[in-house]
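Residue numbers (this note's numbering), protein chains in the order written: chain A, 1 to 409; chain B, 1 to 409. By construction, the Cβ of each residue, glycine as well, lies at the ideal position given by its N, Cα and C atoms. Just below is one structure, and these are the notes that go with it.
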């Protein structure tokens, strides 16, 4: 399977943008046309899930309905409109000996996506991979067995009659042994993207011989400076925590400069508590707000709650805030609220995270919100791709050299 | 040590270009000033090497002399002149909601270099890492123990009094156990660059939890098309094989289209044989040149000789050449000689290698030859960096977002 994908990737690398877009159009149309079949297969997974008493949130993520299938098709159609990164020349060097050296964007080759529960991941990822000229090997969770196979079959069958080889989409059986085999095939697979919980990601990182771009946890901070517009800080912190607490770019820790704490914390914490947020505060926080603030522990600073819980710390200085974020953060997304432009710039330099904000909510870390037109995930790697990862991040480059017979002296 | 390097990397990330250049100037001056000390320490390694009866080539690589130390200092001074990639803004996105999103180049953080024999690797790599704002952890081979420690001491001592923290250069004891520990420290080290033989690289890839950029073998090809200027092909192939056969960008396999073979091979092979090159040919090659051509085996196609040995194959078509290179090559550097521009462009697209040439020798794959001003190695990875790897490839990016209080709806 991996060998066939590799072979298909060489063909796909040379397929034109127009031909790739035609294939994507066909794929989207096939999803719409086969809605009944997809829903019927999804029912099988849902029945099994209910029987196995899976948690409600998981059953919800598993569920396909007409609207979700329309959205899957629309998602692929949106990818058609995005510019094709393949073939872009982004650096040209002319050498004194006449050699012309160019860096040209090319597909990575074969991308393995290992994902859990949500069946729409298959179509999103297949769309982004094919548009960027990559073959894709999908490996979904066993709880979505029938749904995944149905989506795969529809997408793959739709490719016959297009210029994209059908072997450019593959699906692997949903067993952990299959993953183990997959992760050793570094001769055929060029990149592994795990999408799921911490245990899946750790397993993949531990066992893979293939480069992995992780989409790991987000322990995101907002630092309210003594130079902050405190109304703005209030709005930003509330949004970062409450608007959607279960996602990686939600705030988990709020840091407040000591000179802003007395003015800021009472109103802020009261509003958080009204919204059902549990507050875990440092001793100074608990001195300022007496009611309903639990003591924070060391472990809290390192925890991604993904829930309506917030840890709060009053810091003595900008430097203490920076050190806290670099020490306990997950280098995902962090924000400062300040009206001091110089302090803002220092924050952007001093913090080692994928996405940094001055005066905005960390919730914007997202391929669509950043205007990338899509996303295969949000990378917490420092290498290859960092932060929201879309089409360009699914490419690499080659050096292409034009000569007239030059040899090395 | 790794923790201290990480901490130093945060400071170093904010040191200005001018301050980094001052530190590099001091480092180069220290190497020149301490020449006698370096030579004396090197003598200890050389004595041990002679005692242990190390091969002559290894002893040569180990040897420091006044000229080599001058070159090490000059190497660092050359790095001063290169542009600093840190802080470059290479993409700006303005969103309808007023968010301004920029991709900014930043240092990777802490880079671990694991290298063998040649002591000058320490100064080359330290110079490139510091200029690009990275802390560096060096781990040399035990055969160069005294030399490595001496270079390390001189470089590190020279940093006191500069704005670059001395902890930004570290050196690890020369034992394999130390490497094993190092390769697990993914919390503190961001990138491992192994420089050495196949066994070192395999060990590192197998055991590292940290991303590795490999500098692996080069099985490089030159394809002589039926549309080639055969005089040019002769010169290019001779250069690619003979000018320096022991390096990764030398040619190991020559492919010749059947319609050029009879005109091209007899003269070419005669000249190779005069230069002492052993030829291993396919049946058709042996039919055309009867004298002194050994039969080639399957294993030859997969072998990096690093020596005056060449395998030769006559192919029926462009496609056969492409398939051979993609199947047996190491995706390092490959060339076509052709006067058909369209064929040249097809070759550049169809071959999946880091560096591809039309009408030039593969021997140009090198950071200096490409005008990058230096190189930390030649990456055979597809991710993060590919081909010659210099300052820019020692950086990553962050997304920096400026807002005026935006929150997510």
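Please compile the residues from chain B whose C-beta is within a distance smaller than 8 Å of the C-beta of residue 89 of chain A.
Neighbours of residue 89 of chain A on chain B: none; closest Cβ ~11 Å, over 8 Å.
Measure the alpha-carbon distance for residue 156 of chain A versus residue 130 of chain A and round it to whole angstroms.
Their backbone Cα atoms lie some 12 Å apart in a straight line.
For chain D, is any of its Cβ atoms less than 8 Å away from the one on residue 353 of chain A?
Absence of chain D from the displayed structure is noted, the protein chains being A and B.
State whether the segment 262-269 of chain B contacts the segment 326-338 of chain B, with contact taken as three or more CB pairs (one from each stretch) at a distance under 8 Å.
With the cut-off at 8 Å, the segment 262-269 of chain B and the segment 326-338 of chain B do not touch.
According to the Cβ coordinates, are residue 262 of chain B and residue 337 of chain B closer than 8 Å?
No. Outside cutoff.
Should residue 141 of chain A and residue 9 of chain A be called a contact, given that it needs their Cβ atoms to be closer than 8 Å?
No, these two residues do not count as a Cβ contact at 8 Å.
Applying a beta-carbon distance threshold of less than 7 Å, which residues of chain B neighbour residue 99 of chain A?
Near residue 99 of chain A (Cβ distances below 7 Å), the residues of chain B are 360, 364.
Determine the direct distance from the alpha carbon of residue 395 of chain A to that of residue 104 of chain B, and round the result to whole angstroms.
Computed Cα separation, rounded: 19 Å.
By how many angstroms is the C-alpha of residue 249 of chain B removed from the C-alpha of residue 417 of chain B?
Missing from the structure shown is residue 417 of chain B; chain B here goes from 1 to 409 and no further.
Here's a check: name, in chain order, each residue in its chain whose Cβ is nearer than 8 Å to the Cβ of residue 368 of chain B, leaving out the five neighbours to either side.
Answer for residue 368 of chain B: 374, 375, listed in chain order.
Would you please verify whether the beta carbon of residue 14 of chain B is less than 8 Å from any beta carbon of chain A?
Answer yes: the Cβ-Cβ gap between residue 14 of chain B and chain A drops below 8 Å somewhere.
Is the segment 243-257 of chain A in contact with the segment 216-224 of chain A, if contact means three or more CB pairs nearer than 8 Å?
Yes: the two stretches touch, three or more of their Cβ pairs being nearer than 8 Å.
Looking at chain B, which residues of the segment 127-145 of chain A have a Cβ within less than 7 Å of any of its Cβ atoms?
Cβ contacts with chain B: none found.
Around the Cβ of residue 90 of chain B, are there at least 16 other Cβ atoms within 10 angstroms (buried) or fewer (exposed)?
Classification for residue 90 of chain B: exposed.
Within 10 Å of its beta-carbon, does residue 398 of chain A have 16 or more other beta-carbons around it, so buried, or fewer, so exposed?
Buried, since its Cβ has 16 or more Cβ neighbours within 10 Å.
Would you tell me roughly how many angstroms separate the C-alpha atoms of residue 348 of chain A and residue 358 of chain A, rounded to the nearest one?
Answer to the nearest angstrom: the Cα atoms are 8 Å apart.
By Cβ distance below 6 Å, which residues in the same chain neighbour residue 276 of chain B in space, the five residues on each side in sequence not counted?
Correct list, in chain order: 308.
Report the option in A:13, A:112, A:149 whose CA atom is closest to the CA atom of residue 31 of chain A.
Here the closest residue by C-alpha is A:149.
Output needed for residue 17 of chain B: all residues of its chain with C-beta closer than 7 Å, excluding positions within five of it in sequence on either side, in chain order.
Closer than 7 Å at the Cβ level, and outside the excluded window around residue 17 of chain B, lie 84.
Hey, out of B:29, B:55, B:296, B:304, whose CA is closest to residue 312 of chain B's CA?
The shortest C-alpha separation from residue 312 of chain B is found at B:296.
Are residue 221 of chain B and residue 334 of chain B touching if we call contact CB-CB under 8 Å?
The answer is yes: Cβ separation under 8 Å.
Taking a Cβ distance cut-off of 9 Å, strictly less, list which residues of the segment 177-207 of chain B are near chain A, in chain order.
Flagged, chain order: 186, 190, 191, 205, 206.
Which bits of chain B does residue 404 of chain A rub up against, with CB to CB less than 9 Å?
Under the 9 Å cutoff, chain B gives 232, 359, 360.
Looking at the unbroken beta strand (DSSP E) that takes in residue 113 of chain B, where does it start and where does it end?
Looking at the DSSP string, the run of the beta strand (DSSP E) that includes residue 113 of chain B is 110-115.
Taking one C-beta from the segment 68-84 of chain A and one from the segment 119-136 of chain A each time, how about it: are there three or more such pairs within less than 8 Å?
The segment 68-84 of chain A, when compared against the segment 119-136 of chain A, does touch it at the 8 Å Cβ threshold.
Could you name the residues of the segment 63-92 of chain B whose beta carbon sits closer than 8 Å to any beta carbon of chain A, in the order they occur along the chain?
The segment 63-92 of chain B vs chain A, Cβ under 8 Å: nothing.
With a 10 Å radius around its C-beta and 16 neighbouring C-beta atoms as the bar for buried, classify residue 173 of chain A as buried or exposed.
So residue 173 of chain A ends up on the exposed side.
Looking at the structure shown, is residue 61 of chain B part of a helix, part of a strand, or coil, going by DSSP?
In this structure, residue 61 of chain B counts as helix in the three-state DSSP scheme.
Please classify residue 211 of chain A as buried or exposed, where buried requires at least 16 other C-beta atoms within 10 Å of its C-beta.
So residue 211 of chain A counts as buried.
Would you call the CB atoms of residue 354 of chain A and residue 331 of chain A closer than 8 Å?
Closer than 8 Å, so yes.
Under 7 Å Cβ-Cβ, which residues of chain A neighbour residue 223 of chain B?
By Cβ distance, chain A contributes nothing, its closest Cβ being about 14 Å from residue 223 of chain B, past 7 Å.
When you compare the CB positions of residue 340 of chain A and residue 158 of chain A, do they come within less than 8 Å of one another, or not?
No, these two residues do not count as a Cβ contact at 8 Å.
Going by Cα to Cα distance, which pick from B:6, B:98, B:58 is closest to residue 137 of chain B?
It is B:6 whose Cα lies nearest to the Cα of residue 137 of chain B.
From the DSSP output, in three-state form, read off residue 91 of chain B for me.
Correct three-state label for residue 91 of chain B: strand.
According to DSSP, residue 409 of chain A sits in a beta bridge with which residue or residues?
Per DSSP, none; premise fails for residue 409 of chain A.
List, in order along the chain, the chain A residues whose C-beta lies closer than 7 Å to that of residue 348 of chain B?
Simply 400.
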